[in-house]
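Residue 23 is where the sequence shown starts when you use the working numbering, and the numbers rise one by one after that.
Note that CB positions come from ideal geometry on N, CA and C, so glycine has one too.
Please read all numbers here as calculations on a predicted model, not as lab measurements.
One structure is given here, and the rest of the page talks about it.
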Amino acid sequence: MFSNLVKRFPSTLRQCRFSSSFSTKFSYRQQLVSDLSNANLVDTPVSLHGWLQYRRLNSFGVLRDHSGSIQFILPSTMKQERQTLKQTPVESCVHIKGILKKRPDKDINSDVSLGHIEVHVTDFQVINSCLPQLPIDLSKYHESDEKARLIYRYLDFRRDIMQERIRFRSSFIAKVRDFLLKHSFVDIETPSLFRRTPGGAREFLVPTHLEHGGLFYALTQSPQQFKQLLMMGGFDRYFQIAKCFRDESGRRDRQPEFTQIDLELSFVSRENIFSLIEELLAHSWPDRLGNIPFPRLTYAECMSRYGTDKPDTRFALEIEHSSDKVSITSPISLNNLQDFLTDNIQYDEKTRQFSVNKSNNEEDDLIKMGNFRLKLADLLESQYDIKLRQKRQWNFVWITDFPLFTPMTEDRTKFESTHHPFTAPVDEHLSLLSSKKDWSRITGQHYDLVLN
């Protein structure tokens, strides 16, 4: 989720990387590339450590650190250093000293942030030379094989986009912590090793090495039970940036290990939770959120209008129920309608790809139409250049009134918790718990916040 989110913050990502708040304290490094944007540094000595991003003609190069990149020039008098530069593979770790100079007007590169200045080198050192050929090309982000990028992740981290995304995440989490601590939340770390808790996703098991053997821990799917115990222990406002582990390898849209902002409060209502989350996001979000309080939709409304419980509300194209708009008055009119549709609707292979077969399950039909709605939006934007969704359009929406129980896929006469077993029913449905035949009618007190 987070990687998809940060793609929509291009300017904010660059602010995270080219921040003036980078510190060199506790390091023998004297300066960062981003420090050179200070106009007062022109014609003064500078000292930089980083990676050799590019070299040309044995005299020009680009040094990059985590804050940015800058061009440097070796004068013709530095013959030995020029020879060293020629033999130094790109992405080697280097140290340069020199004088910061303005570029001649004809050489200014307005496409980069420091394209108006360069370093005239007085000392060039190779700290650590790398291999002449790296397993991934850092200059071609989209062309690199994803598997290779994951194997050599430490190299992938050098890319601008990876630096920006991770620093953006760090900045966002820092704002979340700041807000919660100011509102009397306590940051408490809970264990990752716990006993098995069947009923949710499959768990990762960790064997012990006790003498009698045969015992296992399970990695926690969430801190749910721990935070309930913390409430009982008197910590009425808890949070942590929690690691969770779920063995859902069969689903492409799930990760075995992920991080969540985990919260719990005592003596609160649903409205208190809504206000807390809305104010937390308003404080932490890089853009100003102007639609607070967020709109709300019930689960039934979502399924009926969008065919999903996580609707993209940035565009219309809602599902319209037209059964009441078509009526069959006689067998003859039914035949006439069939003839009309056959004569006037073209059904080719391209149309078939976007067709939806009606099933005997209304919810399944709605889900298919919801998927079709998203495919149609993608088609209109990619093929017909119709802009339905703005890149930085933040349509948060609360989804409420979920069913407390959901029929199990393998046996629809049996039920499982829609969310988790700790969810309570709404007060008016408490009496329905006594009869299993009424469980499908029970509404739970849980809710989701959706952003597309």
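Residue j beta carbon less than 8 Å from that of residue i
i	j	result
T242	F267	yes
V148	V116	yes
P154	P111	yes
Q246	F444	yes
E279	K265	yes
T335	V419	yes
L122	T66	yes
K197	S306	yes
L215	R181	no
E211	Q250	no
L302	W416	no
L402	L410	yes
A240	L227	yes
D309	Y321	no
C324	P333	yes
Cβ of residue i within 8 Å of any chain B Cβ
i	result
P67	You won't find chain B in this structure, because it holds only one protein chain.
Those residues which DSSP pairs with residue i across a bridge
i	result
I95	F82 and H142
T12	Lying before the first or after the last residue shown, residue 12 is absent from the chain, which here runs from 23 to 474.
D284	Q262
S166	Looking at the DSSP assignment, S166 forms no beta bridge with any residue, so it has no partner.
S439	F427
V472	V419
K123	E140
Span of the alpha helix (DSSP H), counted from its first residue to its last, around residue i
i	result
R175	R175 to D178
D200	D182 to K204
K108	K101 to Q109
I295	R292 to S306
S326	Y321 to Y328
L452	L452 -> no alpha helix (DSSP H), and no H or E assigned at all.
L251	Q246 to M254
Neighbourhood of residue i by C-beta, 6 Å cutoff - its chain only, sequence neighbours within 5 removed
i	result
D470	I421
G329	I341, L388, I389, M391 and G392
Proximal residues to residue i (C-beta, below 8 Å), its chain only, five neighbours per side dropped
i	result
V55	L70, G72, L85, R86, D87, S89, G90, S91, I92 and L136
M23	Because M23 sits at a pLDDT of 49, beneath the cut-off of 50, its placement in the model cannot be relied upon, and the following sentence gives the value as read from the coordinates. Cβ neighbours of M23 beyond the five flanking positions: none.
S288	M253, D258 and R259
P447	L426, L454, L455, I464, T465, G466 and Q467
V64	L122, K123, K124 and I139
Opening and closing residue of the beta strand (DSSP E) in which residue i lies
i	result
A240	F238 to L241
V228	L227 to P229
CB-CB length for residue i against residue j, believed under 8 Å
i	j	result
L107	F146	6 Å
W461	F427	5 Å
E225	D178	The Cβ separation is near 30 Å, so there is no contact.
G120	V143	4 Å
E113	L74	6 Å
P395	L339	Note that residue 395 is Arg in the sequence shown, not Pro. Yes, R395 and L339 are in contact; Cβ-Cβ is about 5 Å, under 8 Å.
E300	I314	5 Å
Sequence-distant residues of its chain with Cβ nearer than 7 Å to residue i (five each side left out)
i	result
I130	G137 and H138
R104	N80, S81 and L96
L58	V68, I92, L122, L136 and I139
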